[in-house]
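*Asks:* Dumping the structure here so I can ask a few things about it.
Chains as they are written, first to last, in our numbering: chain L, 1 to 197; chain H, 1001 to 1197.
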């Protein structure tokens, strides 16, 4: 009988996939206030890494909020679940050998630490995108601070709800003191270093 | 002021990523009874596609149940949500340019159609892994049928809970009449054809 052969399974592993893509895989987790520049930086980085032939994917509100997490709202439980799921999806991508750039406010240290706990030390890097709330509010690229001030958005991070500054980020990028080019250069060097064999 | 430049975003697109990987991306959704051979076939296919230099990822119970969907149980609502999330994650991978092989019993037509509705016609293929329940129960690779018969598992698909046979699968593979090699060959040709430009 060939049953045993039929049911014998071998698997392509994370290491196999990393070898194919030509680099290690990891998640670079951008955290910071709305308007601090997380998405802009993550997008710019993806462009640069793509040009260098890295296999990348960017997770942000655009592809998560209306899809996987469209059932979640802004209660505390839902905010925790939001970040938990993004962490688990990041883990799948890392398992697939892909370099993940995740850009979410993720204001609470406890939630960020839950994500970190899913990964080995060399697979998760917390990048704190630092920018004073006054500057973020001045930029207000999505008009969200304005809405928060008008009371149209409740519990907006930085206005009515706290942002817990990372205590030990793997990298800190200040987007008030540095321009996009400088920030990108810093990040590109950091990420390439971490993805080396 | 450089603010406008700082906030100008360009994006790497799905098409960019597909070009980099050298093939289109899509999800091949294996549905069928427990023991029908879904995971075995999906794993074997991933090996073959990997050898042909495709960028692939396999989603199955092993990497979903204890991670992303560990909060879900076996109520009807949870079963729907289980498949919905897997569909959304598949969509992210397809957006990342990856060929996804998903292997889940997914017994209900309505749930499978929800997943299908997330994709364009050329991005989602339903593969019905056909095998009589008697044969699946004889194989019983995980001992689940035995537990279901003993009443240790409730509402087991094929025993106490129905499996809705796909009405119009994109491909039907019968694992009782064909051996692993034959099934794999059929699938490999099918998938390669669908991923051509």
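From the three backbone atoms N, C-alpha and C, an ideal C-beta is built for every residue, glycine too.
Against chain L, with Cβ distances strictly below 8 Å, would residue 1057 of chain H count as a contact?
*Replies:* yes
*Asks:* Between residue 1050 of chain H and chain L, is there a C-beta pair that is closer than 8 Å?
*Replies:* Yes - at least one Cβ of chain L is within 8 Å of the one on residue 1050 of chain H.
*Asks:* Checking contacts by CB at 8 Å: is residue 92 of chain L closer than that to chain H?
*Replies:* yes
*Asks:* Starting from the Cα of residue 1084 of chain H, find the closest Cα among H:1104, H:1183 and H:1099 and give me that residue.
*Replies:* Of the residues H:1104, H:1183 and H:1099, the one whose Cα lies closest to the Cα of residue 1084 of chain H is H:1104.
*Asks:* My output table needs one value for residue 1083 of chain H: the three-state DSSP class, helix, strand or coil.
*Replies:* helix
*Asks:* Would you mind working out which of L:131, L:92, L:115 and L:77 sits nearest residue 163 of chain L, comparing C-alpha positions?
*Replies:* L:131
*Asks:* Of the residues H:1066, H:1019 and H:1081, which one's Cα is nearest the Cα of residue 1114 of chain H?
*Replies:* H:1081
*Asks:* Report yes or no: do three or more beta-carbon pairs, one from the region 59-77 of chain L and one from the region 139-146 of chain L, lie closer than 8 Å?
*Replies:* no
*Asks:* Under 8 Å, do residue 1099 of chain H and residue 1025 of chain H count as touching if we go by C-beta distance?
*Replies:* yes
*Asks:* Which residues does DSSP pair with residue 1145 of chain H in a beta bridge?
*Replies:* The partner list for residue 1145 of chain H (beta bridge, DSSP) is empty, contrary to what the question assumes.
*Asks:* Taking the alpha-carbon of residue 189 of chain L as reference, which of L:48, L:14, L:37 and L:18 has the nearest alpha-carbon?
*Replies:* When only C-alpha atoms are compared, the closest one is L:48.
*Asks:* If we ignore side chains and look at the alpha-carbon of each, how far apart do residue 145 of chain L and residue 161 of chain L end up?
*Replies:* Here the alpha carbons of residue 161 of chain L and residue 145 of chain L stand approximately 12 Å from one another.
*Asks:* In whole angstroms, what separates the C-alpha of residue 4 of chain L from that of residue 1037 of chain H?
*Replies:* Confidence is the limiting factor: at residue 4 of chain L the pLDDT is only 39, short of 50, which leaves the residue's position unreliable, though a coordinate-based value still follows. Roughly 12 Å between the two C-alpha positions.
*Asks:* What's the gap between the Cα of residue 1095 of chain H and the Cα of residue 153 of chain L?
*Replies:* The C-alpha of residue 153 of chain L is placed about 31 Å away from the C-alpha of residue 1095 of chain H.
*Asks:* Sort out for me which residues DSSP pairs residue 171 of chain L with in a bridge.
*Replies:* L:127
*Asks:* Pick out the complete alpha helix (DSSP H) segments inside the region 1036-1113 of chain H, 4 residues or longer, and give them in chain order.
*Replies:* 1038-1051, 1061-1064 and 1076-1095
*Asks:* In three-state DSSP terms, what is residue 15 of chain L?
*Replies:* Helix at residue 15 of chain L.
*Asks:* Evaluate residue 110 of chain L with the Cβ neighbour count: other Cβ atoms within 10 Å of its Cβ, from every protein chain shown; 16 or more gives buried, anything less gives exposed.
*Replies:* exposed
*Asks:* Could you tell me whether the Cβ of residue 1073 of chain H comes closer than 8 Å to any Cβ of chain L?
*Replies:* no
*Asks:* Is the region 173-184 of chain L touching the region 41-60 of chain L, taking contact as three or more C-beta pairs under 8 Å?
*Replies:* yes
*Asks:* Take the Cβ of residue 32 of chain L as the centre, count every other Cβ of all protein chains shown within 10 Å, and call the residue buried at 16 or more, exposed below.
*Replies:* buried
*Asks:* Using a C-beta to C-beta distance shorter than 9 Å, which residues of chain H count as neighbours of residue 135 of chain L?
*Replies:* Those within 9 Å of residue 135 of chain L in chain H number zero; the least Cβ separation is about 10 Å.
*Asks:* Specify the secondary structure class of residue 119 of chain L as computed by DSSP and reduced to three states.
*Replies:* coil
*Asks:* To the nearest angstrom, report how far apart residue 167 of chain L and residue 107 of chain L are at their CA atoms.
*Replies:* About 12 Å.
*Asks:* Considering only their Cβ atoms, is the gap separating residue 183 of chain L from residue 158 of chain L smaller than 8 Å?
*Replies:* no
*Asks:* Please go through the same chain and pick out, in chain order, the residues whose beta-carbon is closer than 6 Å to the beta-carbon of residue 123 of chain L, but skip the five residues on each side of it.
*Replies:* Counting only Cβ-Cβ distances below 6 Å, and skipping sequence neighbours, we find 26 and 94.
*Asks:* Quick one: what's got a C-beta closer than 6 Å to residue 75 of chain L's C-beta in the same chain, skipping five residues either side?
*Replies:* Excluding the 5 residues flanking it on each side, residue 75 of chain L has no same chain C-beta neighbour closer than 6 Å.
*Asks:* What residues in the region 94-108 of chain L bring their beta carbon closer than 9 Å to a beta carbon of chain H?
*Replies:* 95, 96, 97 and 98
*Asks:* How many angstroms separate the CA atom of residue 19 of chain L from the CA atom of residue 119 of chain L?
*Replies:* 19 Å
*Asks:* Under three-state DSSP, which class holds residue 190 of chain L?
*Replies:* helix
*Asks:* I'd like the span of the alpha helix (DSSP H) that includes residue 137 of chain L, first residue to last.
*Replies:* 133-139
*Asks:* Comparing C-alpha positions only, which one of H:1181, H:1012, H:1112 and H:1148 sits nearest to residue 54 of chain L?
*Replies:* Of the candidates H:1181, H:1012, H:1112 and H:1148, the residue whose Cα lies closest to the Cα of residue 54 of chain L is H:1012.
*Asks:* Given that residue 1089 of chain H touches chain L, what residues does it touch there, using C-beta distances under 8 Å?
*Replies:* Below the 8 Å Cβ cutoff, chain L contributes 68, 89 and 92 as neighbours of residue 1089 of chain H, in chain order.
*Asks:* Could you check which residue in H:1133, H:1015 and H:1126 has the C-alpha nearest to that of residue 1030 of chain H?
*Replies:* H:1126
*Asks:* In chain H, what lies closer than 8 Å to residue 191 of chain L by C-beta?
*Replies:* Ordered by position in chain H, no residue passes the 8 Å Cβ test against residue 191 of chain L, which lies about 15 Å from the chain.
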